[in-house]
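Residue numbers (the working numbering), protein chains in the order written: chain A, 12 to 356; chain B, 12 to 356. C-beta: ideal position from N, C-alpha, C; glycine also. Step one of this worksheet: look at the structure below.
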DNA sequence: TTGTATGCGTTATCAG
DNA sequence: CTGATAACGCATACAA
């Protein structure tokens with residue numbers, strides 16, 4: 012300890028109340044050299060133990076911030092997403108954060124659900140904290156965002172966004188195949204007057220599902236109606252039912268591009284018109300959110316392989332050199348989950 | 012390019028492919044001093060513009076990692092939570108991340124849903140990245156976690172955990188008041204044979220709701236049964252209904268300590284026994300998750316003020332000195348949301 | 001206003 | 001194994 016009463020001392024360091032201890036202090040307490048603290052294997056058992064004990068008693072934790080200054084990797088991965096309180100998005104966020112931890116990365120989540128102005132500010136965080144990569148979940152697409160990240164040489168991974176962006180690595184689900192399959196199971200169920208229930212959001216994957224379903228219908232010589240009652244929500248699904256199901260030429264089937272829409276649609280059909288599913292109306296959803304399996308819905312839908320997507324992200328992060336090159340776009344199949352909202356056969 | 016064939020060159024700096032630009036480079040391009048780049052106000056309009064333009068064209072972003080090395084604050088806030096894919100938890104996570112961004116902090120989320128072993132590892136991240144604070148959401152309680160953080164002088168905020176921990180600042184919801192109110196509305200609805208549906212998780216707030224409800228019943232001279240069919244989930248609620256509702260002395264009311272349990276319970280009651288809610292069975296939930304408002308449930312429940320909690324957290328972070336002292340525990344009321352799962356009057 | 005020095009806690013390298 | 005030293009990018013203080 013320095014003498015505490017010497018008044019003449021300049022005391023150059025204000026000695027702010029640092030609560031974290033440095034490797035230097037550990038070395039001092041252990042009575043070893045500074046290098047011995049962070050040395051990997053080249054230390055004797057005894058030295059190692061002294062260091063460990065000192066670190067333990069002082070509560071030492073490596074400062075990743077300082078480490079990242081020199082190393083190429085910060086260990087931080089930014090997850091940019093909107094509507095993370097939504098069943099599907101929260102599940103994928105859950106899967107990603109778990110995976111990330113498993114490979115010793117940490118997730119920094121940027122919520123773009125706020126006002127659009129804050130998106131820019133939020134994005135800056137990604138760069139400010141020198142994230143190793145940025146994962147953009149489907150949703151409101153901050154178009155300039157991806158570009159800015161790429162310009163800074165960041166690793167960008169984009170999920171379920173089929174835009175023509177070059178640079179980012181893309182992971183998505185086979186929306187086309189699923190939409191086509193959705194049409195066929197409805198067709199085989201005998202439905203000939205189908206409707207598409209979607210939202211006004213214009214999310215790429217949603218648009219694709221709509222377009223492909225419509226194309227499949229056209230090929231079969233069928234015309235389908237499209238309803239857009241608002242954002243991608245339960246309420247919009249309910250409102251769609253209210254708007255679509257009265258009248259004479261009531262549809263006998265609905266392809267809801269999202270389970271949330273589907274749940275709302277089913278509830279609207281039942282509560283407002285007493286329609287029975289699947290006897291009078293068949294419904295197919297997308298995402299396989301938890302609620303799709305609840306006994307009030309028993310919704311036939313397509314599951315998004317959250318775990319596989321998260322695993323893939325982890326893989327990309329681990330193998331990636333600095334470039335975004337090499338890996339092609341990855342498309343996962345969306346597996347059909349048969350429940351009871353479509354008549355069998 | 013350096014000559015690639017000169018064998019004698021020491022080539023001291025490997026010059027790794029740095030993708031991020033430093034303040035030095037901005038200064039060089041702008042033709043100003045290094046200090047001028049990060050200087051706040053003491054810079055001429057002209058200099059400022061040159062700097063801004065250079066920064067823009069180079070794609071410069073301040074390195075928070077380096078900055079945090081010298082400053083007291085890293086701007087990082089750790090959110091530790093389990094089951095973030097759950098309606099209630101995901102909503103609160105959503106609220107917190109939004110608030111945090113509004114006050115220029117960034118959320119690092121640690122998912123403790125994985126194996127218990129990873130919790131320790133995850134916790135270390137908090138310390139490693141020198142987070143300004145750690146917010147522990149209700150859920151699996153890593154007991155030692157809080158302690159370790161506090162020992163490192165970290166700011167710890169704990170939500171809905173009424174343990175006797177000293178040190179952390181606590182934010183919670185008035186579980187007692189709500190549970191008591193739940194009992195009384197069921198009592199006033201004429202119910203005399205009540206059941207509590209809870210989980211085997213042992214989460215502090217859930218335990219409190221159960222205990223208080225039971226106490227209120229006892230005061231009124233009533234005996235209530237308690238069912239625990241598993242974790243805090245829809246399935247457990249469903250299973251509880253299956254276990255509880257056959258038999259002779261079937262309850263006429265259930266207080267489900269969570270909306271997820273309540274939804275499962277209602278579905279079980281209807282699907283397995285054709286019981287009508289609220290005519291034959293009244294149900295009260297807790298959390299006011301989105302699904303509680305869906306027309307298949309119309310669940311009477313208590314809302315957790317996610318936004319207020321998030322706001323409070325932001326407030327604590329902004330005003331807090333280094334100590335955890337001063338602020339008392341904050342308890343928010345849980346507002347009753349009347350819907351249709353309890354008979355009126 | 002600008003240049004320069006110093007420190008933050010690491011990692012990496014090298015001489016003893 | 002130890003000690004010394006050079007980065008890393010920024011902030012801060014001080015001198016020009």
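Within 10 Å of its beta-carbon, does residue 330/B have 16 or more other beta-carbons around it, so buried, or fewer, so exposed?
For the purposes of this step, residue 330/B is taken as the residue at position 319 of the second chain. With fewer than 16 other Cβ atoms within 10 Å, it is exposed.
Does the beta-carbon distance from residue 262/B to residue 206/B come in below 9 Å?
Taking the second chain and counting its residues from 1, one reaches residue 262/B at position 251. Taking the second chain and counting its residues from 1, one reaches residue 206/B at position 195. Contact flag set, yes.
Using Cβ-Cβ distances below 8 Å, what residues of the segment 246–272 of chain A are close to chain B?
In summary, the residues of the segment 246–272 of chain A whose CB is separated from some CB of chain B by less than 8 Å are 249, in the order they occur in the chain.
Can you have a look at residue 270/A and say buried or exposed, based on whether 16 or more other CB atoms are within 10 angstroms of its CB?
As a working mapping, residue 270/A is identified with position 259 in the first chain. When all chains shown are included, residue 270/A counts as buried.
Does the segment 335–355 of chain A touch the segment 191–200 of chain A, meaning 3 or more C-beta pairs lie closer than 8 Å?
yes
Which residues in chain B sit within 8 Å of residue 108/A, going by Cβ to Cβ distance?
The residue labelled residue 108/A in the question sits at position 97 within the first chain. Those within 8 Å of residue 108/A in chain B are 95, 120, 121, 122.
Less than 9 Å between the beta carbons of residue 93/A and residue 82/A, yes or no?
Numbered from 1 along the first chain, position 82 holds the residue referred to as residue 93/A. Numbered from 1 along the first chain, position 71 holds the residue referred to as residue 82/A. Not closer than 9 Å, so no.
Can you look up residue 275/B in the DSSP assignment and give me helix, strand or coil?
Here residue 275/B is taken as the residue at index 264 of the second chain, counted from 1. Of the three classes helix, strand and coil, the one that applies to residue 275/B here is helix, per DSSP.
Mind reading off the beta-carbon distance from residue 170/A to residue 149/A? Whole number of angstroms is fine, and I expect it under 8 Å.
The count along the first chain starts at 1 and reaches residue 170/A at position 159. The count along the first chain starts at 1 and reaches residue 149/A at position 138. Confirmed, about 6 Å.
Measure the CB-CB distance between residue 321/B and residue 116/B and report whether it falls below 9 Å.
Here residue 321/B refers to the residue found at position 310 when the second chain is read from its first residue. Here residue 116/B refers to the residue found at position 105 when the second chain is read from its first residue. Not closer than 9 Å, so no.
Going residue by residue through the segment 157–213 of chain A, where are the continuous beta strand (DSSP E) segments of at least 3 residues, counting only ones entirely within it?
166–170, 180–184, 205–209
Could you tell me if residue 260/B is buried or exposed, where buried requires 16 or more neighbouring beta carbons within 10 angstroms of its beta carbon?
Locating residue 260/B in the second chain gives position 249, where the first residue counts as 1. Residue 260/B is exposed by the Cβ-count criterion.
Go through the segment 63–150 of chain B residue by residue and report every complete run of the beta strand (DSSP E) that reaches 3 residues or more, in order.
87–92, 117–122, 144–147
How would you label residue 145/B, buried or exposed, when you count the other beta carbons within 10 angstroms and need 16 or more for buried?
For the purposes of this step, residue 145/B is identified with residue 134 of the second chain, where counting begins at 1. Answer is buried; the Cβ neighbour count reaches 16.
Beta-carbon spacing of residue 328/B, residue 114/B below 9 Å:
In the second chain, the residue the question calls residue 328/B occupies position 317. In the second chain, the residue the question calls residue 114/B occupies position 103. Yes, they are a contact pair.
Residues within the segment 205–230 of chain B neighbouring chain A, beta-carbon criterion of under 7 Å:
Sequence-ordered contacts of the segment 205–230 of chain B with chain A are nonexistent [C-beta pairs closer than 7 Å].
Residue 254/A - containing alpha helix (DSSP H), residue span:
By 1-based counting over the first chain, the position of residue 254/A is 243. Unbroken alpha helix (DSSP H) run through residue 254/A: 245–255.
Measure from the C-beta of residue 104/B to each C-beta in chain A and report whether the shortest distance is under 9 Å.
In the second chain, the residue the question calls residue 104/B occupies position 93. True, the Cβ-Cβ gap to chain A drops below 9 Å.
Give me the residue from 220/B, 192/B, 203/B, 193/B with the minimum Cα distance to residue 186/B.
Taking the first residue of the second chain as position 1, residue 186/B is located at position 175. The shortest Cα separation from residue 186/B among 220/B, 192/B, 203/B, 193/B belongs to 220/B.
Have a look at residue 71/A and residue 298/A and give me their C-alpha separation to the nearest angstrom.
Counting from 1 along the first chain, the entry for residue 71/A is found at position 60. Counting from 1 along the first chain, the entry for residue 298/A is found at position 287. The straight-line gap from Cα to Cα measures roughly 44 Å.
At a CB-CB cut-off below 7 Å, which residues of chain B make contact with residue 76/A?
Position 65 of the first chain, counted from the first residue, corresponds to residue 76/A. Going along chain B in sequence order, the residues near residue 76/A (Cβ under 7 Å) are 76, 79, 80, 85, 140, 141.
Assigned exposure category for residue 335/A - 16 Cβ within 10 Å defines buried:
The sequence position of residue 335/A within the first chain is 324, counting from 1. At residue 335/A, the pLDDT of 47 sits below 50, so the modelled position is not reliable and the matter cannot be decided from this model.
Could you tell me the distance, in whole angstroms, from the CA atom of residue 45/B to the CA atom of residue 30/B?
The residue labelled residue 45/B in the question sits at position 34 within the second chain. The residue labelled residue 30/B in the question sits at position 19 within the second chain. The alpha-carbon atoms of residue 45/B and residue 30/B are separated by roughly 19 Å.
Any beta-carbon of chain B closer than 9 Å to the one on residue 117/A?
Against the first chain, residue 117/A aligns to sequence position 106. With 9 Å as the cut-off, residue 117/A counts as an interface residue toward chain B.
Can you say whether residue 109/B is buried or exposed, counting buried as having 16 or more other CB atoms within 10 angstroms of its CB?
For the purposes of this step, residue 109/B is taken as residue 98 along the second chain, with counting starting at 1. Label assigned to residue 109/B: buried.
Could you run through the segment 289–302 of chain A and flag, in chain order, every residue whose CB is less than 8 Å away from some CB of chain B?
301, 302
Taking contact to mean 3 or more Cβ pairs, one atom from each stretch, closer than 8 Å, check whether the segment 342–349 of chain A and the segment 302–316 of chain A are in contact.
Taking 8 Å as the limit for Cβ pairs, the verdict is that the segment 302–316 of chain A does touch the segment 342–349 of chain A.
On the premise that residue 294/A lies in contact with residue 265/A, defined as a C-beta separation below 8 Å, what is that separation, rounded to the nearest angstrom?
Residue mapping note: residue 265/A aligns to position 254 of the first chain, counting from 1. Residue mapping note: residue 294/A aligns to position 283 of the first chain, counting from 1. Indeed, because the Cβ distance is near 5 Å, the residues count as touching under 8 Å.
Closest to residue 39/B by C-alpha separation, out of 164/B, 193/B, 348/B, 62/B, would be which residue?
What you label residue 39/B is simply residue 28 of the second chain in a count that begins at 1. It is 62/B whose Cα lies nearest to the Cα of residue 39/B.
Run through chain A and tell me which residues come within less than 8 Å of residue 125/B, C-beta to C-beta.
Residue mapping note: residue 125/B aligns to position 114 of the second chain, counting from 1. Within chain A, the residues 109, 112, 113 have their CB atoms less than 8 Å from the CB of residue 125/B, given in chain order.
So the candidates are 305/A, 183/A, 164/A; which of them puts its Cα closest to the Cα of residue 247/B?
For the purposes of this step, residue 247/B is taken as the residue at position 236 of the second chain. The shortest C-alpha separation from residue 247/B is found at 305/A.
Tell me the residue span of the beta strand (DSSP E) that contains residue 314/B.
In the second chain, counting from the first residue as 1, residue 314/B sits at position 303. Residue 314/B -> beta strand (DSSP E) spans 312–314.
What residues in its chain sit with their C-beta under 8 Å from that of residue 244/B, if we drop five residues either side in the sequence?
Looking up residue 244/B in the second chain gives position 233. Contacts found: 210, 271, 272, 275.
Please check the pair residue 119/B and residue 190/A, which I expect to be a contact at CB under 8 Å, by giving their CB distance rounded to whole angstroms.
Position 108 of the second chain, counted from the start, is the residue given in the question as residue 119/B. Position 179 of the first chain, counted from the start, is the residue given in the question as residue 190/A. Going by Cβ atoms, the distance from residue 119/B to residue 190/A rounds to 37 Å, so no, they are not a contact pair.
For the alpha helix (DSSP H) that contains residue 31/B, what are its first and last residues?
Mapped onto the second chain, residue 31/B falls at position 20. From DSSP, residue 31/B is part of no alpha helix (DSSP H); its letter is neither H nor E.
If you reduce the DSSP assignment to three classes, tell me which class residue 239/A lands in.
Translated into the one-based positions of the first chain, residue 239/A becomes position 228. Residue 239/A: strand per DSSP, three-state reduction.
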